[in-house]
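Below you'll find the structure, written out as structure tokens, and then a few comments.
2 protein chains.
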Amino acid sequence: MLISTRGRYALRLLIDMAEHSGKDYIKLKDVAERQDISEKYLESIVKQLVTGHIIVGLRGKGGGYRLSKAPDEIVVGDIMRLMEGGLAPVACLENESFNCPRMGMCRTLNFWRGLDDVIHKYIDSYTIADFMRTDESGNDYVI
Amino acid sequence: MLISTRGRYALRLLIDMAEHSGKDYIKLKDVAERQDISEKYLESIVKQLVTGHIIVGLRGKGGGYRLSKAPDEIVVGDIMRLMEGGLAPVACLENESFNCPRMGMCRTLNFWRGLDDVIHKYIDSYTIADFMRTDESGNDYVI
DNA sequence: CTAAAAACCTATTAATATAGTATGTTAGTT
DNA sequence: AACTAACATACTATATTAATAGGTTTTTAG
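Protein sequences appear in the order of chains S and P. Quick note, in the numbering used here, the first sequence goes up one by one and the last residue is 408. Quick note, in the numbering used here, the second sequence goes up one by one and the last residue is 408.
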């Protein structure tokens, strides 16, 4: 599994926030309810997004979260890399610490790099805006 | 991690077998040594490849394994799907049993399907022959 | 000024997958 | 008959995932 619940939930959360953004801050409780995701689990996801400067939190009564930039500036690839801590399809590409001794002579390394490329290219071609409802018909489907 | 050691090792094993194939059957012990992979662990991988009709085993002295078809007929995508048991990048696409209740209204499903597509398209564009050494210079690199 | 609300923080846990290891048994060759 | 190599089954340590639990801090509203 390349993408875990953290990445998927983060995406749904951000789309939800983008669609419900107005003057007020958005409460996690509301998102959790609408998206049917455990509020407590969402908290840990949201924390990461705050650290990554994707969203901003405001404490206290009347507080909540808001996006730190426009939906069309939030690249899905950035969210996934943030939430999953990298997105390497194979261990060889994950980090420096792996440091495979076969690196220099490996026949398959470039193949994996190519796979890594197509994945990042794809997810970097989408922003949160691409997932938002474009009309007011109440149509929840993206065709 | 989309691809585990099983998928990676299977690929290296098949490339190794393709390059060392002659009239004799290839012994697992030799592949394990050349590739520096535990022979016992390779056994479990090889078992899956036999079941999947990618390679054929011959018991007894002088036995071993051989490819069941030409290297350029062995598609890497088929190997990965066999070894990893599917290759879904997200749980939603994995199997019928997951059966997400949001399937019908999910805003992100098509995005994940697209990701799934680019992954399969990429790995299906390679065969074992693409990894084999083309000259006799002893050059182990694929540029 | 106090109570409520909401973000923020830290620790724990059940379940599952991964990457092997260990110990055999069966079949076929020399 | 001895040897070899595939084939088979069971076990294990470690890590990750997907949460849950229970609390603390900050801020606004009444």
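Ideal Cβ placement from N, Cα and C applies to all residues, glycine included. Computed from a prediction, not measured in an experiment: that's the story for all the values here.
Per the C-alpha coordinates, the member of S/280, S/379, S/390 positioned closest to residue 397 of chain S is S/280. Cβ proximity to chain P below 9 Å picks out 366, 367, 369, 370, 371, 372, 373, 374, 375, 376, 377, 379, 380 from the segment 363-380 of chain S. Taking a Cβ-Cβ threshold of 8 Å, the residues of chain P close to residue 387 of chain S are 379, 380, 383, in chain order.
Segment contact: the segment 310-325 of chain S against the segment 366-379 of chain S, fewer than three CB-CB distances shorter than 8 Å; contact not assigned. By the criterion of at least three beta-carbon pairs nearer than 8 Å, the segment 344-360 of chain S is in contact with the segment 381-388 of chain S. Excluding five sequence positions before and after residue 285 of chain P, the CB atoms of its chain that fall closer than 7 Å to its own CB belong to 291, given in chain order.
The continuous alpha helix (DSSP H) containing residue 276 of chain P extends over residues 270-284. Note: residue 392 of chain P is bridge-paired with P/340 in the DSSP secondary-structure output. Contact with chain P is found for residue 280 of chain S, since one of that chain's Cβ atoms lies less than 8 Å from the residue's Cβ. Using beta-carbon distances, residue 354 of chain S counts as an interface residue toward chain P, with a partner under 8 Å. When C-beta distances to chain S are compared with 7 Å, every residue of the segment 341-352 of chain P stays at or above that value. Using a CB distance cut-off of 8 Å, residue 274 of chain S does not count as an interface residue toward chain P. With a threshold of 16 other beta carbon atoms within 10 Å, residue 354 of chain S meets it and is buried. No Cβ-Cβ contact shorter than 8 Å links residue 297 of chain P with residue 336 of chain P. In terms of Cα proximity to residue 339 of chain S, the closest of S/271, S/304, S/269, S/278 is S/278. Contacts between residue 331 of chain S and chain P, judged by CB atoms closer than 8 Å, are missing: the closest CB pair is about 20 Å apart. Judged by DSSP secondary structure, residue 330 of chain P falls within the beta strand (DSSP E) whose first and last residues are 329-332. Within its own chain, the residues whose Cβ lies closer than 7 Å to the Cβ of residue 381 of chain P, once the five positions on either side in sequence are excluded, are 353, 354, 358, listed in chain order. When C-alpha distances from residue 268 of chain S are compared across S/365, S/351, S/364, the shortest belongs to S/351.
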